[in-house]
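Residue numbers (this note's numbering), protein chains in the order written: chain A, 63 to 376; chain B, 5 to 301; chain C, 3 to 312.
Cβ coordinates follow ideal geometry from the N, Cα and C atoms, glycine included.
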């Protein structure tokens, strides 16, 4: 069955101007390097990593809000990487996004009903009255009273705004939802509400979700599969429980160690390492033991069903 | 775990204050701005109801017998050198100044918004071109260029409006450009892009409505600039043609009579000064009220 | 730094060329040449000869090229209204009054304004502050020619302390200089006040106070220096703008300066003079902005350290 969303070999580099000199000279700063990721239908995939690991950029490339420097994006099996705006528009309806900052994600000059109805308006679906009715239905579906329709974003709390953002993202019934740290700006109790909302909606609509986060504990309860990003590359990918119980890559392990631990007695064994150490610590496997071809560069090695991690084979 | 999602949201009870409310409070607290605004309203009313408050039309030379008379109970501002009631001339002059001021400001805004929006949204080369155009308009001393243009096309109301508008749009453009640049990166713009909205839609429906504050400020601050330009041109004789009353023109005439008939110089001068000041103070107050990042004064 | 300067120079030159073309075109589109109408109606053959002599019968493009090549050699031609000298000489003559009055106005107004601003910032929210702010606002919002009129009316007509107009003896200079001084004074008063208030509130000043430095020392050595950069960069354009003479001030006080000549050159369609004046002013403003930009970039320690601008 074709995956809902597939990323192949995605790369993104930004040109940085070198200071000084007469003519402008640029060097490329790679932000995302060769990312392969598949989100199957009706599943939730977590993409975790620290700030600056490239996970948000990957999400933006999947949405074609940022243009990949190299690689391809497939939606429902169709390559949308180089489509022009007109051809892309129907695919846009199949892929939506929820952002971290709910305040700037909603136009302060629009009422909530207008915000949720906007996707219908842009795609010309239904009369204005029908659009408004659908919008208000969705507001209720995400847990807000219908009368909120005439309110403005600044009148809501963060959690409520995020609900509106979710409603707006789902009103077109997309196949794929990219959630970029949707709960990172929320209080703990509200986090849980939003996560539950997403789970319910996903089950109901058969959505595929790419859930981008730096918070592993949130990811654990929500996702079916997790990919870990570091420095623009995916360093490990596995079913959620496998990541938490048998992580192979040292970076994944240090992320797990960083999860706050309640019991003081369990805290003692944690070790924190610097970034340089982490960057240098790539697992090395011997070609002889594993039967794989050696290479100088790290690559993703399979390790059991649906589990792979990055290593150098010597 | 209890199902937390279906907490039924009760209908909300009170409305929160909108940012506009706070802006209004700030504006009202600024005494200079309030006075300026009040004076401005007074001037506008005066201009609109001019026929009702003056006893004779501004071009009627009814009082030749009393030409150059000083202010008195019958002629509040006296009589000018051609026998016209000076008070009427001043009041009707307000019509000229204010209408030119407002029209030119509208014109400035009409030019400034699209250029600012394009420069702010597309950045890169488009921005560079717009900034070059702005630079061209900035290095030429506006008054001199206006004079040249004025001599070129002759006087006339709409010409002056056009010329004044031509020198006021830069400020509006810069304000709009800055606002759009700031808002372009906001997530609601990306969300709209993710929905497949084109740049035209985004600029029209999202960015420009969010730029209303700088547009209003730019508009109000363009008015005194236009009024000044008109007065200057009329002073030099290439603005509004006589006998239509214009304060600038009246100041020019007044200068010749200044030593003996002070009223011919004083009243138009004061009228112009007060109008420009009131509008500028009000505009500054608006800008400070609408921009919450204003530093403490 | 150097590449930055070069880039700005090129950009300014492009602007200048475009502006010169526009001005030239505009000037020549005003119907009627300098010899067509006026006091002495000339017979057509004489007019044709004169036009030919001054090259007015050639295409605009040719005229432009000829003119601009002359400009590069500082040859601005001969003014129609006084053929006995070159435009350059006339301008040199005319500039003196404008420079003296305008220059003195700025040179007097600036320090006054700064002092006013410092006083206002230090005595914040007292009557000193309110007075200074009021003066500054008035100076900026009341147009220069209105100020001039008021000055004349009060000091020359009413009080009769000083003569109202003319150019010659120094006592005639007083009023124009005061008129010219209002804008720099108001601008710097307002600017100094707000810049000082900003800096005075910064944490590093509290540290200095805690260290025990006297208030005066803090102000002069630290606060002013921090606020100085934008003030310095704004000075040059302002000086240029004022020293070239305000048309109004010169008209009102009957000063034979650049402004007055500009007005007369438009009236008499004196192309060489007009063109030279516009070009000169444009060049001066271009240069003024260029130097300010460079000065700002240079003074701004962030840029001096080699990073990018801003």
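| Item | Value |
| --- | --- |
| For residue 117 of chain A, count the other beta carbons within 10 Å of its own beta carbon; 16 or more makes it buried, fewer makes it exposed. Which is it? | buried |
| Would you say residue 158 of chain A reaches chain B, if we count a Cβ-Cβ gap shorter than 8 Å as a contact? | yes |
| Quick check: the Cα distance between residue 16 of chain C and residue 158 of chain C, rounded to an integer number of angstroms? | 47 Å |
| Identify which residue in C:255, C:251 and C:13 has its Cα closest to the Cα of residue 145 of chain C. | C:251 |
| Assign residue 160 of chain B to one of two classes, buried (16 or more other C-beta atoms within 10 Å of its C-beta) or exposed (fewer than that). | exposed |
| Specify the secondary structure class of residue 70 of chain A as computed by DSSP and reduced to three states. | strand |
| May I ask you to verify whether the segment 156-167 of chain A touches the segment 108-116 of chain A, counting CB pairs closer than 8 Å and requiring at least 3? | no |
| Give me the subset of the segment 254-269 of chain C whose CB atoms are less than 7 Å from a CB atom of chain B, sorted by chain position. | 254, 264, 265 and 268 |
| Taking the runs of the alpha helix (DSSP H) that are 4 residues or longer, which of them lie wholly in the segment 171-220 of chain C? | 176-202 and 205-213 |
| Since residue 158 of chain A sits in a beta bridge, which residues does DSSP pair it with? | A:239 |
| Are there three or more Cβ pairs, one per stretch, closer than 8 Å when the segment 91-104 of chain B is compared with the segment 120-138 of chain B? | no |
| Indicate whether at least one CB of chain C lies closer than 8 Å to the CB of residue 263 of chain B. | yes |
| Under 8 Å between C-beta atoms, does residue 166 of chain A make it to chain B? | yes |
| With residue 178 of chain A and residue 197 of chain A assumed to form a contact (beta carbons below 8 Å), what rounded beta-carbon distance in angstroms separates them? | 4 Å |
| Which residues in the same chain have their Cβ closer than 6 Å to the Cβ of residue 88 of chain C, if we skip the five residues on either side of it in sequence? | 80 |
| Between which two residues does the alpha helix (DSSP H) harbouring residue 263 of chain B extend? | From DSSP, residue 263 of chain B is part of no alpha helix (DSSP H); its letter is neither H nor E. |
| Answer with buried or exposed for residue 299 of chain B, where buried requires no fewer than 16 other C-beta atoms within 10 angstroms of its C-beta. | With a pLDDT of only 32 at residue 299 of chain B, under 50, the local geometry of the prediction cannot be trusted, and the value read off the model is given with reservation. Answer is exposed; the Cβ neighbour count stays below 16. |
| List the endpoints of the continuous alpha helix (DSSP H) containing residue 152 of chain C. | 146-153 |
| Could you give the DSSP three-state label for residue 89 of chain B: helix, strand or coil? | strand |
| On the DSSP bridge assignment, give the partners of residue 372 of chain A in chain order. | A:362 |
| When the cut-off is 8 Å and only beta carbons count, does residue 192 of chain B lie next to chain A? | yes |
| Rank A:308, A:304 and A:270 by C-alpha distance to the C-alpha of residue 27 of chain A and give the top, closest one. | The structure shown does not extend to residue 27 of chain A, since chain A spans only 63 to 376, so no value can be given for it. |
| How big is the Cα-Cα spacing for residue 248 of chain B and residue 61 of chain B? | 11 Å |
| Tell me which same chain residues have a C-beta within less than 7 Å of the C-beta of residue 31 of chain B, skipping the five on either side of it? | 37, 289, 290 and 293 |
| Please list, in chain order, the chain B residues whose beta carbon lies closer than 7 Å to that of residue 69 of chain C. | Chain B residues near residue 69 of chain C: none, gap ~16 Å exceeds 7 Å. |
| Give the C-beta separation of residue 173 of chain C and residue 164 of chain C to the nearest angstrom, bearing in mind that I take them to be a contact with Cβ-Cβ under 8 Å. | 6 Å |
| Suppose the cutoff is 7 Å on Cβ atoms and the five residues either side in sequence are ignored; what does the same chain contact list for residue 29 of chain C look like? | 273, 276 and 277 |
| For a quick check, are the C-beta atoms of residue 90 of chain B and residue 82 of chain B less than 8 Å apart? | yes |
| Does residue 26 of chain B come out as helix, strand or coil in the three-state DSSP assignment? | helix |
| Return the CA-CA distance between residue 374 of chain A and residue 274 of chain A, expressed in angstroms with no decimal places. | 27 Å |
| Going by beta carbon distance, what residues of the same chain come within less than 6 Å of residue 124 of chain C, once the five residues before and after it are set aside? | none |
| If the criterion is Cβ atoms closer than 8 Å, does the pair residue 89 of chain A and residue 80 of chain A meet it? | yes |
| From residue 281 of chain B to residue 119 of chain C, what does the alpha carbon distance come to, in whole angstroms? | 21 Å |
| 8 Å is my cut-off, CB to CB: does residue 93 of chain B come that close to chain C? | no |
| For residue 151 of chain C, would you say it is in contact with chain B, using Cβ-to-Cβ distances shorter than 8 Å as the test? | yes |
| Which bits of chain A does residue 202 of chain B rub up against, with CB to CB less than 7 Å? | 147 |
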